[in-house]
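I have placed the structure first, in the form of structure tokens, so that the comments after it can refer back to it.
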Amino acid sequence: MNCHCCSGNCRKSGAYRNKNRVVQRYACDRCGKSFSESQPLDGLRVDFKQACQVVNLLCEGMGIRAVARITNLHRDTVLSILENAGTKMESFLNAKVQDVKAEQVQIDEIYSFVGCKPQTLLDRTDEERGEFFTYLSVDRESKLIINWRTSKRNKENTLIFMRDLQRRVPQRFQLTSDAFAGYCRGDAAVKQVFGNEIDYATETKVFGRTNQMVSRYFNPLVVIGIKRKTRIGNPDLSMATTCHAERTNLSVRTFTRRFTRCTIGYSKKLENLRHAVAMFIAHFNYCRKHSAHGKTPAQAAGLTDHAWTIEEMLAETN
Ligand SMILES: [Zn+2]
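20 is the number of the first residue of the sequence shown in this note's numbering; add one for each residue after it.
This is the structure in structure tokens:
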């Protein structure tokens, strides 16, 4: 333990008991300052077990108000826990999801909105409201969500997302995306970041109507064809699909309330959307066993040897 102030050596100096645990106090040998050991949820006084339950409920697709009703906590307390846990899980993922040995990576984006839908947004230049995209990259084998970025969909953000992916997967791999121009056109993000050191293909789905009338009320467009195209290097086109990334998107939509379509659970604040995404991804990668292989994605990717609990994860990030 080093001093927060001067990084000097510290010795134990008393302890006190709060609602959750015995908190050790330390004193610095050099400057004499004393301080407490850090707590899993920093300034929050709420019971730690209950806070973990809140995180679990949020990761199973429950809305903020529903969690508040079930746990008898105030809505603002639930949001504070979201903020605190989201911040911690983001740094947890940044530290742990490194050097990923992925061979097939798929990327996709999920649409969502903050505050209101873009068509009702009065100020089109508003950076904090309107439509937002969550970019996700998924390892086909382990189902690990390698990295993500929640932002407006533009050139700049696509580049940041790509650079982050490159940092986390050091060796050459095959990448598949949809034909979004920001990824593949000319010298767009993928070319700019990876140059020729990647096997890159795109998959475009062609949508159309079926002939038969299925329902009077619900006639969605269906996929009537796919087009796969080599963009860089020598990708295996039989593997060039974004199915697995889209399946992951479905999990995000199902288990994060604010992504569930046609409900009033949408995000009101951009910060909270980002926290919710980080929290979901940490839970998805490290806590939840994937039915494809019966392990957590992080285990399958060789990043850890066991399934984590929320308690463990929050304690780890101190
Ligand atoms: Zn000191």
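Beta carbons are placed, not taken as given, at the ideal position from N, Cα and C, and that holds for glycine.
Remember, it's a predicted structure, so these values are computed and weren't measured experimentally.
**Message:** Would you say the beta carbon of K52 is closer than 7 Å to some non-hydrogen atom of ligand 3?
**Reply:** Absence of ligand 3 is noted for the structure shown, with ligand 1 being the only ligands found.
**Asked** How many Å lie between N39 and C262 at the Cα?
**Response** 44 Å
**Request:** Give me the Cα-Cα distance between V241 and E222, rounded to the nearest whole angstrom.
**Result:** About 16 Å.
**Asked** Where does V133 land, buried or exposed, given buried means 16+ other C-beta within 10 angstroms?
**Response** In summary, V133 is buried, with 16 or more beta-carbon neighbours lying within 10 Å of its beta-carbon over all protein chains present.
**Asked** Thinking C-alpha only, which one of D255, F180 and G33 is nearest I217?
**Response** D255
**Prompt:** Taking three-plus beta-carbon pairs below 8 Å as touching, is the stretch 147-157 in contact with the stretch 111-125?
**Reply:** yes
**Extent of the continuous alpha helix (DSSP H) run through A46** = Unbroken run through A46 is the beta strand (DSSP E), V41 to C47; no alpha helix (DSSP H).
**Asked** Between F226 and F237, what straight-line distance do the alpha-carbon atoms span, to the nearest angstrom?
**Response** 16 Å
**Prompt:** Taking C-beta to C-beta, are I329 and I164 nearer than 8 Å?
**Reply:** no
**Message:** Rounding to the nearest angstrom, what Cα-Cα distance links Y202 and T195 in this structure?
**Reply:** 10 Å
**Uninterrupted beta strand (DSSP E) stretches inside the stretch 68-121 (no shorter than 3 residues)** = none
**Asked** What are the start and end residues of the alpha helix (DSSP H) that includes Y236?
**Response** Segment: none, Y236 is in no alpha helix (DSSP H) and carries neither H nor E.
**Asked** Is there contact here, the stretch 177-196 with the stretch 93-105, by at least three beta-carbon pairs under 8 Å?
**Response** no
**Message:** Can you tell me which residues form a DSSP beta bridge with D255?
**Reply:** Note: D255 sits in no beta bridge, so no partner.
**Message:** Looking at the secondary structure, which residues open and close the alpha helix (DSSP H) in which K174 lies?
**Reply:** K174 to R187
**Request:** Go to G284, then tell me how far its beta strand (DSSP E) extends in each direction, as first and last residue.
**Result:** Segment: none, G284 is in no beta strand (DSSP E) and carries neither H nor E.
**Request:** Assuming Y224 and I245 form a contact by the criterion Cβ under 8 Å, report the distance between their Cβ atoms to the nearest whole angstrom.
**Result:** It is Lys, not Tyr, that sits at residue 224 in the sequence shown. 5 Å between Cβ atoms; contact.
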